[in-house]
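Numbering (our numbering), first residue to last: 6 to 158.
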């Protein structure tokens, strides 16, 4: 029997799912941050040198001219790097892989490196820049891509 002041509820009281949703979001966020650190994937590509090294031009020379054939030359107290690329008729110079190494190591933006590699002799000497660096270049498919990168910071 019920008392006059009591009401009988036919449906049980529902709890809010909000605490469980917040807990799930927290766990997922924690996993996204911690799992890569715990795994320590050494196979990841290293950060470009321009972002992580104090002397990226010197690093580019040691990393990209492994044959030590002097296709990369530093001057101006290691603030200017001159690069001599190989061409079709004059194959003496830095290979395409070596040029790509320099582009990657110095974090040269893709649009700028594409522009550098697709210009022709008739375009003459061109210029470009990206944060911390400026570049001038000429490109003749027969003689190769020659450019000079100057650190501006």
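Quick reminder that beta carbons are idealized off the backbone N, C-alpha and C, glycines included.
Bear in mind that the values here come from a model prediction, so they are computed numbers and not experimental data.
If you reduce the DSSP assignment to three classes, tell me which class residue i lands in.
| i | result |
| --- | --- |
| residue 115 | helix |
| residue 140 | strand |
| residue 149 | strand |
| residue 92 | coil |
| residue 124 | coil |
| residue 97 | coil |
In angstroms, rounded to a whole number, what distance separates the CA positions of residue i and residue j?
| i | j | result |
| --- | --- | --- |
| residue 63 | residue 156 | 11 Å |
| residue 135 | residue 114 | 7 Å |
| residue 35 | residue 44 | 14 Å |
| residue 31 | residue 138 | 41 Å |
| residue 116 | residue 77 | 22 Å |
| residue 69 | residue 132 | 22 Å |
| residue 20 | residue 29 | 16 Å |
| residue 92 | residue 147 | 5 Å |
| residue 109 | residue 100 | 14 Å |
| residue 75 | residue 40 | 43 Å |
| residue 18 | residue 37 | 35 Å |
| residue 83 | residue 103 | 19 Å |
| residue 159 | residue 107 | Nothing about residue 159 can be reported from this structure: the residues present for the chain run from 6 to 158 only. |
To the nearest whole angstrom, what separates the beta carbons of residue i and residue j, a pair I think is in contact under 8 Å?
| i | j | result |
| --- | --- | --- |
| residue 154 | residue 140 | 5 Å |
| residue 90 | residue 149 | 4 Å |
| residue 88 | residue 151 | 7 Å |
The alpha helix (DSSP H) that contains residue i, what's its start and end?
| i | result |
| --- | --- |
| residue 66 | 61-69 |
| residue 131 | Run containing residue 131: none in the alpha helix (DSSP H); it sits in the beta strand (DSSP E), 131-135. |
| residue 104 | 101-110 |
So the beta strand (DSSP E) residue i belongs to, where does it begin and stop?
| i | result |
| --- | --- |
| residue 19 | No beta strand (DSSP E) holds residue 19; DSSP gives it neither H nor E. |
| residue 78 | 77-80 |
Discussion item. Would you call the stretch 116-128 in contact with the stretch 23-30, where contact means no fewer than 3 C-beta pairs closer than 8 Å?
Written reply: no
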